[in-house]
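**Q** I'd like to ask some things about the structure below.
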Amino acid sequence: MAFGHRYTGLIDRYRDRLPVHDDTRIISLGEGNTPLIRLNNIPRELSRDVELYVKFEGLNPTGSFKDRGMTMAVTKAVEEGSKAIICASTGNTSAAAAAYAARAGITAFVVIPDGKIAMGKLAQAMMHGSVVIQIEGNFDDGMRLVKEVASAAPVTLVNSVNPFRLQGQKTAAFEIVEELGRAPDFHCLPVGNAGNITAHWIGYSELAAHSGDHVTAACTFCSGHCRYAGGGVAGQRPKMLGYQASGSAPFMRGAMVDNPDTVATAIRIGHPQSWDVAWKVREESGGWFDECTDDEILAAQKLLTEKEGIFCEPASAASVAGALRDIRAGKIPDGSSVVCTLTGHGLKDPDTAIAQASRTPIKVPAEIDAVTRAIHENMD
Ligand code: AN7
Numbered sequence: 111m112a113f114g115h116r117y118t119g120l121i122d123r124y125r126d127r128l129p130v131h132d133d134t135r136i137i138s139l140g141e142g143n144t145p146l147i148r149l150n151n152i153p154r155e156l157s158r159d160v161e162l163y164v165k166f167e168g169l170n171p172t173g174s175f176k177d178r179g180m181t182m183a184v185t186k187a188v189e190e191g192s193k194a195i196i197c198a199s200t201g202n203t204s205a206a207a208a209a210y211a212a213r214a215g216i217t218a219f220v221v222i223p224d225g226k227i228a229m230g231k232l233a234q235a236m237m238h239g240s241v242v243i244q245i246e247g248n249f250d251d252g253m254r255l256v257k258e259v260a261s262a263a264p265v266t267l268v269n270s271v272n273p274f275r276l277q278g279q280k281t282a283a284f285e286i287v288e289e290l291g292r293a294p295d296f297h298c299l300p301v302g303n304a305g306n307i308t309a310h311w312i313g314y315s316e317l318a319a320h321s322g323d324h325v326t327a328a329c330t331f332c333s334g335h336c337r338y339a340g341g342g343v344a345g346q347r348p349k350m351l352g353y354q355a356s357g358s359a360p361f362m363r364g365a366m367v368d369n370p371d372t373v374a375t376a377i378r379i380g381h382p383q384s385w386d387v388a389w390k391v392r393e394e395s396g397g398w399f400d401e402c403t404d405d406e407i408l409a410a411q412k413l414l415t416e417k418e419g420i421f422c423e424p425a426s427a428a429s430v431a432g433a434l435r436d437i438r439a440g441k442i443p444d445g446s447s448v449v450c451t452l453t454g455h456g457l458k459d460p461d462t463a464i465a466q467a468s469r470t471p472i473k474v475p476a477e478i479d480a481v482t483r484a485i486h487e488n489m490d
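If you read the sequence shown in our numbering, its first letter stands for residue 111, the second for the next number, and so on.
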């Protein structure tokens, strides 16, 4: 990269593919441009020949992929003259909404389920000065309420039913294709509302439409003049694999779930907002949905932290838990390239992490003998 070039966020980077004007005031915190990390140690132990990558979205400014959608949603809300935004959230959306509202100088109202939100996310919503409304109900109750409020009050709804959210989030697919030089064979994501899996599919589909010598399908915003036209980099699209937590798996049950539960509180969602379109994504991509138990999710989170040095939150680990199972079973065949999205950072949920860590701190007196003994006794 040339000296003097400052990365200024995904809207600036992909403005030719996003619904903004030259004079739109961009509300950004430098989101996007997250690392695509190739896993080394975990695949070696699998003894399967797959190229396995994680896209670490936990390294966005507020620690989750929600920032990609929120920069777009808040930019458009401000452009339209809105002075306040509102969302229901299992935690990460509220953290992102609070931060981007602070950046824009507007008010964020966030509706969260009582007691079922990870501590880091609550701290973020509170610190960024949002109005936190804790309801005696779950995320799905909150969603119903904020939709009703937003239809009557002068506040902009910034959940993923706001179409600008998915436009921002589709850019993750652009980054992956740029780095790999092609789309992966499989893309694995944790699924809650199914907004993110849908957004990725939009991204991959736009690239595919622009590969080869001519535009084969209408691109939403660029009329065929964007930087990908004729690029030929991504004619193929991945199979999209969506993994749910067993206690919150409406896509596996084939029906809404009324009392969802899982340790992965981020995806404790029983009534997905992108229900119909997510089924279409599965169909069009030739992918599938599957479920992971809480134990499998926590085991995958731990595996990533201990074997690869990557700390994601439990919900994110569902993508890896599912992918590893499908790789072992051969459903994801040898020779495949696989990307798993790690949607949020492990620091979001310190309580769950500490509760399941392999080693607890060793308490000793502040004396050289005691510390030396602790080292010798624990040398691997
Ligand atoms: C870490 O914050 O819905 O399938 O309110 O925080 O697009 O819903 C969070 C969702 C996956 C699921 N991983 O994504 C919210 C919220 C993490 C998440 C998901 C969420 P979608």
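Glycine is no exception: its CB is placed at the ideal position from the N, C-alpha and C atoms.
None of these values were measured; they are calculated from a predicted model.
State yes or no: is the C-beta of LYS165 within less than 9 Å of the C-beta of ILE137?
**A** Working through the sequence shown from its first residue, we reach residue 165 at position 55. Working through the sequence shown from its first residue, we reach residue 137 at position 27. Against a cut-off of 9 Å, the Cβ pair of ILE137 and LYS165 comes out as no contact.
**Q** Can you name, in chain order, every residue of its own chain whose Cβ lies under 7 Å from the Cβ of LEU413, other than the five neighbours on each side?
**A** In the sequence shown, counting from the first residue as 1, residue 413 sits at position 303. Counting only Cβ-Cβ distances below 7 Å, and skipping sequence neighbours, we find ILE152.
**Q** Please check the pair MET350 and TRP389, which I expect to be a contact at CB under 8 Å, by giving their CB distance rounded to whole angstroms.
**A** If you number the sequence shown from 1, residue 350 lands on position 240. If you number the sequence shown from 1, residue 389 lands on position 279. So it is not a contact: roughly 11 Å between Cβ atoms.
**Q** Within its chain, find whatever has a CB closer than 8 Å to the CB of ILE245; leave out the 5 residues flanking it on each side and keep chain order.
**A** Locating residue 245 in the sequence shown gives position 135, counting from the first residue. So the qualifying residues of the chain are VAL221, ILE222, PRO223, ASP224, ASP251, GLY252, LEU255.
**Q** Quick one, which of LEU139, LYS458, SER157 has its alpha-carbon nearest ASP177's?
**A** As a first step, residue 177 is located in the sequence shown; it is residue number 67 there, counting from the start. Among LEU139, LYS458, SER157, the Cα nearest to that of ASP177 is on LEU139.
**Q** Report yes if the C-beta of GLU423 is less than 8 Å from at least one heavy atom of the ligand AN7; otherwise report no.
**A** For the purposes of this step, residue 423 is taken as the residue at position 313 of the sequence shown. Within the cutoff, so yes.
**Q** CB ALA260 to CB GLY179, shorter than 9 Å?
**A** If you number the sequence shown from 1, residue 260 lands on position 150. If you number the sequence shown from 1, residue 179 lands on position 69. No; because the gap between Cβ atoms is not below 9 Å, this pair is not in contact.
**Q** Can you give me the C-alpha to C-alpha distance between ALA427 and PRO360, rounded to a whole angstrom?
**A** The residue given as residue 427 occupies position 317 in the sequence shown. The residue given as residue 360 occupies position 250 in the sequence shown. Approximately 19 Å, taken between the alpha carbons.
**Q** At a cut of 8 Å, does the stretch 468–484 reach the stretch 194–201 through at least three beta carbon pairs?
**A** The stretch 468–484, when compared against the stretch 194–201, does not touch it at the 8 Å Cβ threshold.
**Q** So is PHE284 buried or exposed if we call it buried at 16+ other beta carbons inside 10 Å?
**A** Residue numbering aside, residue 284 sits at position 174 when the sequence shown is read from its first letter. Flag for PHE284 reads buried.
**Q** In whole angstroms, give me the CA-to-CA distance for PHE399 and GLN234.
**A** Here residue 399 refers to the residue found at position 289 of the sequence shown. Here residue 234 refers to the residue found at position 124 of the sequence shown. Their backbone Cα atoms lie some 31 Å apart in a straight line.
**Q** Please state whether DSSP places MET350 in a helix, a strand or coil.
**A** As a first step, residue 350 is located in the sequence shown; it is residue number 240 there, counting from the start. Residue state, collapsed to three classes: strand.
**Q** Give the straight-line distance between the Cα atoms of HIS131 and ASN272, rounded to the nearest whole angstrom.
**A** Residue 131 sits at position 21 when you count from the first residue of the sequence shown. Residue 272 sits at position 162 when you count from the first residue of the sequence shown. Rounded to whole angstroms, HIS131 to ASN272 spans 19 Å at the Cα level.
**Q** With a floor of 3 residues, list each beta strand (DSSP E) that falls wholly inside the stretch 363–435, ordered by position along the chain.
**A** Those beta strand (DSSP E) runs which fall completely within the stretch 363–435 and span 3+ residues are 398–402.
**Q** Between the stretch 405–412 and the stretch 121–135, can you find at least three pairs of beta-carbon atoms closer than 8 Å?
**A** No: fewer than three Cβ pairs fall under 8 Å.
**Q** Alpha carbon to alpha carbon, what distance is there between VAL268 and THR451?
**A** Here residue 451 is taken as the residue at index 341 of the sequence shown, counted from 1. Here residue 268 is taken as the residue at index 158 of the sequence shown, counted from 1. The straight-line gap from Cα to Cα measures roughly 22 Å.
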